[in-house]
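> Supplied in structure tokens, the structure appears directly below.
Protein chains: 2
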Amino acid sequence: MSKLTKDVVRHISEELANTLPQLSVNVVLFRYHHLEIQVATVDFVFASLTVIPGGFIHQNESVDQAAQRVLAQHSCYKNAILREIGVFGAAQRMFKDAFTDLRKLGVPQSNIDQLSKRHVSFAYYSIINDSRTETNDNPIFTQVQWKSLKSLAPLALDHSEIVAKGHQKMASDVLSQPVLQSFLPEEFTLANLQGLYQCIFQRKIDRGNFRQRILKSGILQKVGKRLKKGSGRPADLYRFDESKYFASLSTEIKLGF
Amino acid sequence: MSKLTKDVVRHISEELANTLPQLSVNVVLFRYHHLEIQVATVDFVFASLTVIPGGFIHQNESVDQAAQRVLAQHSCYKNAILREIGVFGAAQRMFKDAFTDLRKLGVPQSNIDQLSKRHVSFAYYSIINDSRTETNDNPIFTQVQWKSLKSLAPLALDHSEIVAKGHQKMASDVLSQPVLQSFLPEEFTLANLQGLYQCIFQRKIDRGNFRQRILKSGILQKVGKRLKKGSGRPADLYRFDESKYFASLSTEIKLGF
Chain Z
10 MSKLTKDVVR
20 HISEELANTL
30 PQLSVNVVLF
40 RYHHLEIQVA
50 TVDFVFASLT
60 VIPGGFIHQN
70 ESVDQAAQRV
80 LAQHSCYKNA
90 ILREIGVFGA
100 AQRMFKDAFT
110 DLRKLGVPQS
120 NIDQLSKRHV
130 SFAYYSIIND
140 SRTETNDNPI
150 FTQVQWKSLK
160 SLAPLALDHS
170 EIVAKGHQKM
180 ASDVLSQPVL
190 QSFLPEEFTL
200 ANLQGLYQCI
210 FQRKIDRGNF
220 RQRILKSGIL
230 QKVGKRLKKG
240 SGRPADLYRF
250 DESKYFASLS
260 TEIKLGF
Chain F
10 MSKLTKDVVR
20 HISEELANTL
30 PQLSVNVVLF
40 RYHHLEIQVA
50 TVDFVFASLT
60 VIPGGFIHQN
70 ESVDQAAQRV
80 LAQHSCYKNA
90 ILREIGVFGA
100 AQRMFKDAFT
110 DLRKLGVPQS
120 NIDQLSKRHV
130 SFAYYSIIND
140 SRTETNDNPI
150 FTQVQWKSLK
160 SLAPLALDHS
170 EIVAKGHQKM
180 ASDVLSQPVL
190 QSFLPEEFTL
200 ANLQGLYQCI
210 FQRKIDRGNF
220 RQRILKSGIL
230 QKVGKRLKKG
240 SGRPADLYRF
250 DESKYFASLS
260 TEIKLGF
């Protein structure tokens with residue numbers, strides 16, 4: 010048995026001995042890269058299934074802690090902001106025969122049976138704003154691959170649905186949570202911010218109208234530097250005026266009375 | 010053994026044989042009654058614990074279906090709208106010694122052990138708009154009692170937290186979901202609607218400003234009848250103009266560009 014195979018077999022057996030049965034967590038990890046929103050995907054090392062990062066919940070950790078652990082296993086992020094997407098709990102939610110090949114690796118049948126059972130998953134999303142090198146601290150998955158949200162190929166099980174609901178939730182959080190800030194580097198151009206809005210809400214936004222409204226809102230401040238890119242005029246750099254940006258985020262709905 | 014005790018013992022044993030281990034659902038059930046928002050609570054018949062309705066997830070049903078079943082067991086509502094609140098998954102989330110007395114009733118120790126384990130719960134909220142008689146189709150709970158949300162005494166486990174998060178979620182759903190309509194009878198006065206807004210957002214709303222804005226919004230239509238109550242002037246009755254009300258609900262956030 011190769012070292013890799015041994016690691017897989019041991020990891021599976023240790024995880025299943027110590028986790029809540031038939032329950033998992035998944036994390037939709039977003040980033041804004043080259044003017045598009047990207048999603049982190051991974052493949053199982055022993056089955057050709059592309060999924061979003063996920064794992065089980067240890068008996069001695071909370072569901073949130075399990076999601077943080079999963080996130081840390083696939084990125085360099087510890088204690089990132091995780092926001093709830095919701096529960097994925099269909100009665101037939103199971104990988105079925107996807108794991109039968111594990112027997113050849115030496116995984117006990119009882120473990121394969123447990124993995125093949127119906128699982129309920131609780132999903133979170135998180136946003137990272139830079140391109141630090143990803144880690145891979147989970148032997149059953151490949152390194153993270155970043156895929157464009159707009160042209161994401163179908164994922165295994167209901168993972169495409171989890172990503173779609175995560176995107177929807179993230180878009181609806183824009184007014185009440187610091188979602189935009191999480192996507193951007195500290196300094197950015199208005200074109201960059203406009204592109205982000207366009208990706209999140211999946212529609213064209215008029216440039217002049219956008220610039221006028223966003224500058225009037227007071228949530229940005231000019232850095233005093235310019236970014237020269239391509240042949241065009243250098244673009245002003247902005248950063249969030251944190252106090253005004255946070256004050257603009259509101260959990261109370263603006264009803265007009 | 011009394012008939013009641015037999016039913017309890019059989020119900021527990023049947024439920025545990027057929028459900029996902031260490032997993033439950035809870036439902037926060039709201040109604041608007043006597044100008045206040047009320048929450049449905051139940052007591053265990055064999056332990057002095059006040060909780061919100063809840064139960065396990067059968068192997069052959071989805072998490073949503075389990076929540077619908079729980080709702081139907083405590084009310085006359087089938088296929089009510091259920092909206093997700095989130096996951097309650099603390100590592101120490103367990104009733105501990107609350108169920109030891111079940112041994113006296115004849116419940117097997119293995120069942121008591123299973124009930125006493127750490128459980129993860131997915132919570133939903135639902136809204137009912139009238140006072141039809143509640144049913145009680147679950148032998149381990151008493152009939153539903155309606156308690157004022159504003160002065161709700163602490164509930165067992167983390168159920169007060171579930172109610173608080175449910176209230177918060179419901180308030181944030183007002184602009185995108187037909188939440189207001191679910192609370193109200195078909196015909197209502199402006200004072201009734203203003204009271205509902207006040208309960209949901211927990212703040213005083215100016216009467217004149219409210220009437221002006223809400224009538225200008227076009228989501229209401231006058232019924233053409235008046236309600237005489239007490240010694241005051243009879244109040245006009247209104248109903249939602251459904252097409253305009255639903256059009257006003259929006260999942261796209263109004264950004265101004």
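Same order as they appear, the protein sequences are chains Z and F.
Position in the first sequence (first residue = 1) + 9 = this note's numbering.
Position in the second sequence (first residue = 1) + 9 = this note's numbering.
We treat Cβ as the ideally placed atom computed from N, Cα and C, and that holds for glycine.
Model, not experiment: these values are computed from the prediction.
For chain Z, check one thing: does any of its Cβ atoms lie closer than 8 Å to the Cβ of F/ILE46?
Taking the second sequence and counting its residues from 1, the one referred to as residue 46 of chain F is at position 37. Not one chain Z Cβ lies under 8 Å of F/ILE46.
> Output needed in chain order: residues of the segment 95-117 of chain Z with a Cβ under 7 Å from some Cβ in chain F.
Residues GLY95, VAL96, GLY98, ALA99, ALA100.
> Do F/LEU32 and F/SER135 count as a contact pair if the criterion is CB distance below 8 Å?
Position 126 of the second sequence, counted from the start, is the residue given in the question as residue 135 of chain F. Position 23 of the second sequence, counted from the start, is the residue given in the question as residue 32 of chain F. Going by C-beta atoms, F/SER135 is not nearer than 8 Å to F/LEU32.
> Starting from Z/ASN201, trace the alpha helix (DSSP H) in both directions and tell me its first and last residue.
Within the first sequence, residue 201 of chain Z is the residue found at index 192, counting from 1. First-last of the alpha helix (DSSP H) with Z/ASN201: 199-210.
> Exposed or buried, what is F/VAL115 when buried is set at 16 or more other beta-carbons lying within 10 Å of its beta-carbon?
Here residue 115 of chain F is taken as the residue at index 106 of the second sequence, counted from 1. Checking the displayed sequence, the identity of residue 115 of chain F turns out to be Gly instead of Val. By the 10 Å Cβ count, F/GLY115 comes out exposed.
> For F/GLU195, which option in F/GLN123, F/VAL232, F/CYS85 has the closest C-alpha, if you only look at C-alpha atoms?
Counting from one through the second sequence, the residue named residue 195 of chain F turns up at place 186. If we check each option's Cα against that of F/GLU195, F/VAL232 comes out closest.
> Can you tell which of F/HIS128, F/ASN201, F/LEU229 has its C-alpha closest to the C-alpha of F/LEU44?
Counted from its first residue, the second sequence places residue 44 of chain F at position 35. Of F/HIS128, F/ASN201, F/LEU229, the residue nearest in Cα terms is F/ASN201.
> According to DSSP, which residues form a beta bridge with Z/VAL37?
Residue 37 of chain Z sits at position 28 when you count from the first residue of the first sequence. For Z/VAL37, which the question treats as bridged, DSSP gives the partners Z/TYR134.
> What separation, rounded to the nearest whole angstrom, lies between the Cα atoms of F/LYS213 and F/VAL60?
Start at 1 with the first residue of the second sequence, and residue 213 of chain F comes out as number 204. Start at 1 with the first residue of the second sequence, and residue 60 of chain F comes out as number 51. Going by the C-alpha atoms only, they are around 30 Å apart.
> What is the rounded straight-line gap between the Cα of F/PHE65 and the Cα of F/SER157?
Translated into the one-based positions of the second sequence, residue 65 of chain F becomes position 56. Translated into the one-based positions of the second sequence, residue 157 of chain F becomes position 148. Cα to Cα, the separation comes out at about 26 Å.
> Between which two residues does the alpha helix (DSSP H) carrying F/GLN177 extend?
If you number the second sequence from 1, residue 177 of chain F lands on position 168. First-last of the alpha helix (DSSP H) with F/GLN177: 168-182.
> Between the beta-carbon of F/ILE223 and the beta-carbon of F/TYR254, is there less than 8 Å?
Within the second sequence, the letter at position 214 stands for residue 223 of chain F. Within the second sequence, the letter at position 245 stands for residue 254 of chain F. Not in contact: F/ILE223 and F/TYR254 (Cβ atoms no closer than 8 Å).
> Along chain F, which residues have their Cβ under 7 Å away from the Cβ of Z/ASN69?
As a working note, residue 69 of chain Z is residue 60 in the first sequence. By Cβ distance, chain F contributes ALA100.
> For Z/SER157, which beta-bridge partners are listed by DSSP?
Within the first sequence, residue 157 of chain Z is the residue found at index 148, counting from 1. Its beta-bridge partners are Z/GLN47.
> DSSP three-state call for Z/VAL188: helix, strand or coil?
Position 179 of the first sequence, counting from 1, holds the residue named residue 188 of chain Z. Helix.
> Between the Cα of F/ARG92 and the Cα atoms of F/LYS174, F/LYS159, F/ILE121, which residue gives the shortest distance?
Here the question's residue 92 of chain F lines up with position 83 in the second sequence. Of the candidates F/LYS174, F/LYS159, F/ILE121, the one whose C-alpha sits nearest the C-alpha of F/ARG92 is F/LYS174.
> Compare the C-alpha of F/MET179 against each of F/LYS12, F/HIS20, F/ILE46 and name the closest.
The residue labelled residue 179 of chain F in the question sits at position 170 within the second sequence. Of the candidates F/LYS12, F/HIS20, F/ILE46, the one whose C-alpha sits nearest the C-alpha of F/MET179 is F/ILE46.
> Answer with buried or exposed for Z/THR28, where buried requires no fewer than 16 other C-beta atoms within 10 angstroms of its C-beta.
The residue given as residue 28 of chain Z occupies position 19 in the first sequence. Z/THR28 is buried by the Cβ-count criterion.
> Report the residues of the segment 77-97 of chain F with a CB closer than 7 Å to any CB of chain Z, ordered along the chain.
The residues in question are GLU93, GLY95, VAL96.
> Give the straight-line distance between the Cα atoms of F/PHE131 and F/LYS113, rounded to the nearest whole angstrom.
Taking the first residue of the second sequence as 1, we reach residue 131 of chain F at position 122. Taking the first residue of the second sequence as 1, we reach residue 113 of chain F at position 104. Roughly 31 Å separates the two Cα atoms.
> Look up Z/GLY95 in the DSSP assignment and say whether it is helix, strand or coil.
Looking up residue 95 of chain Z in the first sequence gives position 86. Three-state DSSP puts Z/GLY95 in a strand.
> Can you grab the Cα-Cα spacing for the pair Z/THR142 / Z/ASP245, in whole Å?
In the first sequence, counting from the first residue as 1, residue 142 of chain Z sits at position 133. In the first sequence, counting from the first residue as 1, residue 245 of chain Z sits at position 236. Each residue's Cα considered, the two are about 29 Å apart.
> Taking F/LEU166 as the reference, which of F/ARG102, F/ALA49, F/ILE94, F/THR50 has the closest Cα?
Stepping through the second sequence from its first residue, residue 166 of chain F is reached at position 157. Per the Cα distances, F/ARG102.
> Hey, does F/ASP215 have any beta-carbon neighbour from chain Z nearer than 8 Å?
Mapped onto the second sequence, residue 215 of chain F falls at position 206. So, interface residue.
> Does the beta carbon of F/PHE55 sit closer than 8 Å to a beta carbon anywhere in chain Z?
The residue labelled residue 55 of chain F in the question sits at position 46 within the second sequence. Taking Cβ atoms only, chain Z never reaches closer than 8 Å to F/PHE55, which makes this a no.
> Bridge partners for Z/ARG248 per DSSP, in chain order?
In the first sequence, residue 248 of chain Z corresponds to position 239, counting from 1. In DSSP, Z/ARG248 forms a bridge with Z/GLN230.
> For F/HIS83, report the span of its alpha helix (DSSP H) as first-last.
Your numbering for residue 83 of chain F matches position 74 in the second sequence. Looking at the DSSP string, the run of the alpha helix (DSSP H) that includes F/HIS83 is 72-83.
> Excluding the 5 residues preceding and the 5 following F/VAL17 in the sequence, name in chain order all residues of the same chain whose CB lies nearer than 7 Å to its CB.
Looking up residue 17 of chain F in the second sequence gives position 8. Answer for F/VAL17: VAL54, PHE55, LEU114, PRO148, ILE149, listed in chain order.
> Any idea if F/SER11 is buried or exposed, counting beta-carbon neighbours within 10 angstroms, 16 or more meaning buried?
Position 2 of the second sequence holds residue 11 of chain F. Exposed, because fewer than 16 other Cβ atoms sit within 10 Å of the Cβ of F/SER11.
> If you measure from the beta carbon of F/LEU25 to each beta carbon in chain Z, is any gap under 8 Å?
By 1-based counting over the second sequence, the position of residue 25 of chain F is 16. Chain Z contact via Cβ: absent.
> Let me know if F/ASN145 comes out buried or exposed under the rule of 16 or more other beta-carbons within 10 Å of its beta-carbon.
Locating residue 145 of chain F in the second sequence gives position 136, where the first residue counts as 1. Label assigned to F/ASN145: exposed.
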